[in-house]
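Here our numbering runs 39 ahead of the position in the sequence shown, where the first position is 1.
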Amino acid sequence: MDRGEGSSLPPVKKRTILVSVVLIVILGFAVYGNSLDGEFLWDDTSLVKDNLYIRNCSRIGKLFSGHISTKSVNFRFYRPFQMISYVMDHSLWKADARGYHLTNLLLHIAVALAVYWLVNILFKDILLSFLTGIFFLVHPVHTEAVSYISGRSDPLAALFMLLCFIFYVKGINTGRTKFFFLAIPAYAGALLSREAGLILIILLLLYHFAFKKEIKLKGFLPLLGVTFVYIALRLTVLKGLVAAPAASGRFFQRLPGFFAAITEYTRLMALPFHLHMEYGAPLFELNAPEVIAGVLILSFALACALKKRTGNRLVFFSIFWFFVALLPVSNLYPVNAYMAEHWLYVPSIGLFLLLAKGLSYLYRRGKSRVISAGLITGILIFYSSLTFRQNTYWREPAAFYERTLRYVPDSPRLYANLGKIYRSTGRKEEAIALFEKAVELNPDFPEAYNNLGNAYSDAGRKEKAIALLKKAVTINPDYAEAYYNLGNAYNDTGRKKEALASFRKAIEANPDFSEAYNNLGKAYADTGRKEEAITFLEKAVTIDPDYAMAHNNLAVIYYDMGEYALAVKHSDMALKLGSKVHPGFLRHLEPHRNRKIR
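As structure tokens, this is what we get:
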């Protein structure tokens with residue numbers, strides 16, 4: 040792969056590389072092809088499906104300027120490249136989840152190819168590179184990052200990290216400045232895709248230490264500069280380096296969870312059964328079996344790595360890659376769970392390299408070639424079949440939540456999300472029971488109160504709904520969706536003043552909340568304040584030009600005010616967007632169709 044500038048690969052090696060690449064691509068589609076039929080679920084609804092920021096390119100600047108809020112969620116992370124990838128998807132696929140899943144799959148295949156490329160540059164061994172790439176490609180632990188649309192930040196950041204690593208190593212090997220130059224935007228891309236990209240600097244230092252390569256300042260200092268600029272921006276302009284809400288407990292309370300996670304990660308890599316979301320943030324005792332096992336695993340692994348420091352740099356590099364890449368999500372600095380399967384996406388490369396080294400060594404020993412080939416095939420079939428099966432876990436929302444609850448029966452988020460699915464399909468009593476269970480498990484869970492309030496509102500119990508929605512905004516005073524729903528409940532009970540105040544609160548919490556502007560405008564129109572109504576309704580369609588209901592409301596109000604040309608314009612837009620406009624209203628508009636807007 041990397042033979043220096045001006046050299047060319049012999050024809051046999053070129054064919055081998057081409058065959059390897061084709062096989063990786065084919066295998067990727069074969070193993071993950073059934074993920075393409077998956078629906079939007081978990082964070083996909085708010086992050087992608089209902090996210091106005093991804094619906095046109097005019098909002099790309101906003102994606103770089105700060106955190107993203109939707110009506111239901113304030114995403115406390117800074118990942119503009121992930122969001123831009125959704126903008127590109129939406130321009131191609133609109134609301135068709137299959138297109139988004141296809142992008143995730145293509146990214147995962149690209150990462151597997153980058154793994155293949157990097158390993159070949161480092162060790163000049165095509166068999167080792169190929170095995171590392173395909174083991175990475177088909178292992179089921181990665182389904183959370185691939186089959187889940189919102190998991191995209193992992194493969195996206197990994198791709199940029201690996202490209203940066205590749206360019207940097209090529210720069211070290213050849214001395215060519217152009218490779219160091221290419222590493223800079225690749226590193227920036229990793230940071231703009233996921234915060235954990237920061238660990239790349241430490242991985243590069245690991246490379247220098249493991250391979251005894253001298254650091255070239257012209258290559259390393261620019262990357263260090265990008266790191267400092269990024270951290271400075273996150274701590275000042277963008278406020279907050281850590282995206283996730285803090286886990287419970289102080290450092291020494293969380294520390295045992297790090298060792299417990301190592302135990303579970305080791306099991307998942309070796310025997311990837313019972314994969315699921317939502318591991319939570321429990322606190323472990325130091326004498327817990329999984330904590331003791333984690334300490335032993337870590338000690339043994341580091342001892343092996345250090346022993347092989349001079350004799351076998353691959354073993355040293357692989358083991359330290361795994362543990363160093365885990366550091367950003369180790370919960371030593373508080374994150375939102377003690378472990379997650381998708382956090383293994385980059386660290387696992389080290390373990391796959393170690394596995395590939397052992398199997399390639401066996402394969403090259405003459406007498407064991409058939410046995411090792413059978414072992415490689417068996418491992419691939421084992422991983423691939425589990426991945427193919429695990430993809431179905433991510434396919435349908437209700438089944439996803441029901442299955443996950445079997446593993447995590449005390450998760451209020453799962454009960455609340457399943458309740459939303461049941462409510463949307465008309466299973467109202469079951470939805471109420473699930474929301475009440477979520478509140479029971481976590482009495483300070485504002486989303487559960489919001490959803491329970493909506494369910495009671497559906498059942499006609501408006502006062503009960505209002506009390507629950509008020510509880511939601513008491514717990515979270517910046518909860519835009521709860522204010523919006525509270526406004527609707529007030530409006531339904533004729534309490535217009537309270538409704539107006541609630542809709543305004545929703546807009547304060549989320550200035551891009553188009554539905555709140557629409558309902559605020561409608562509420563003003565109902566009280567005869569049409570000029571104010573138009574102001575808010577026009578704001579709604581400015582935020583979301585495809586908001587059919589707001590166009591319909593504008594058409595009616597403009598007609599009442601004698602602005603017939605504007606009424607025609609907005610009614611036509613509503614019809615174009617699929618809204619049903621009353622036939623009688625359309626007949627009233629017909630004589631005014633050729634009027635010009637004043």
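Glycine included, every Cβ here is placed at the ideal spot set by N, Cα and C.
DSSP places Val-354 inside the alpha helix (DSSP H), whose first and last residues are 352–365.
A residue is called buried once 16 or more other Cβ atoms fall within 10 Å of its Cβ, and Ala-151 is buried on that count.
Leu-335 carries a helical assignment under DSSP once its states are collapsed to helix, strand and coil. Distance from the CA of Lys-255 to the CA of Gln-292, rounded to the nearest whole angstrom, comes to 41 angstroms.
If you draw a 10 Å sphere on the C-beta of Cys-96, you find fewer than 16 other C-beta atoms in it, and that means exposed. Cβ neighbours of Arg-462 within its own chain (closer than 8 angstroms, five residues either side excluded): Ala-470, Asn-490, Asn-493, Ala-494 and Asp-497.
Nearest to Phe-339 by C-alpha distance, out of Lys-406, Thr-55 and Ile-301, is Ile-301. Judged by DSSP secondary structure, Gly-623 falls within the alpha helix (DSSP H) whose first and last residues are 622–628.
A distance below 6 angstroms between beta-carbons, with the five flanking residues on each side excluded, links Leu-616 to the following residues of its chain, in chain order: Asp-585 and Ala-587. Take the alpha-carbon of Ile-582 and the one of Asp-551: they are about 6 angstroms apart. Taking 8 angstroms as the cut-off, the Cβ atoms of Lys-396 and Leu-167 count as close.
For Leu-272, the closest alpha carbon among the candidates Ile-93, Gly-105 and Lys-544 is that of Gly-105. Secondary structure note for Tyr-207: its alpha helix (DSSP H) is the uninterrupted segment 192–213. Straight through space, the alpha carbons of Leu-539 and Tyr-422 are spaced by roughly 56 angstroms. Leaving aside the five residues that flank Tyr-440 on each side, the residues in its chain whose CB is nearer than 6 angstroms to its CB run, in chain order, Leu-453, Asn-456 and Leu-457. If you keep only unbroken alpha helix (DSSP H) runs of at least 4 residues inside the stretch 78–109, you get 99–104.
Of the residues Thr-182, Met-127 and Lys-217, the one whose Cα lies closest to the Cα of Tyr-432 is Thr-182. Distances from the CA of Ile-331 to each of Phe-298, Ala-136 and Leu-605 were compared; the closest alpha carbon is that of Phe-298. Following the DSSP letters along the chain, one finds Leu-157 inside the alpha helix (DSSP H) bounded by residues 136–162.
For Leu-390, the closest of Ala-309, Lys-252, Thr-574 and Arg-191 by C-alpha to C-alpha distance is Ala-309.
Under the DSSP assignment, Pro-311 falls outside any alpha helix (DSSP H); it carries neither an H nor an E label. Where Arg-442 is concerned, the enclosing alpha helix (DSSP H) starts and stops at 436–446. Inter-residue distance for Glu-486 and Ile-165 is about 51 angstroms (C-alpha atoms, whole angstroms). The residue among Lys-406, Ala-320 and Cys-343 with its C-alpha nearest the C-alpha of Tyr-372 is Ala-320.
Ile-420 sits exposed, since fewer than 16 C-beta atoms from the chains shown fall within 10 Å of its C-beta. Contact check between the stretch 374–387 and the stretch 403–412: fewer than three CB pairs, one atom from each, fall below 8 angstroms, which does not count as touching. Taking all protein chains shown into account, Tyr-400 has fewer than 16 neighbouring C-beta atoms within 10 Å of its C-beta and is therefore exposed. Less than 8 angstroms divides the Cβ of Ala-249 from the Cβ of Phe-355. Taking the C-beta atoms as reference points, Leu-198 is found no nearer than 8 angstroms to Gly-67. Under the three-pair Cβ rule at 8 angstroms, the stretch 230–239 does not count as touching the stretch 212–222. Taking 8 angstroms as the cut-off, the Cβ atoms of Leu-195 and Leu-161 do not count as close. The shortest C-alpha to C-alpha distance from Gly-210 to any of Val-276, Phe-259, Ser-189 and Ala-227 is the one to Phe-259. With a 10 Å radius around the Cβ and a threshold of 16 neighbouring Cβ atoms, Glu-479 comes out exposed. Between Phe-103 and the set Val-607, Pro-119 and Tyr-92, the nearest pair of CA atoms involves Pro-119. In the assembly as shown, Phe-79 is a buried residue. Its beta-carbon has 16 or more other beta-carbons within 10 Å.
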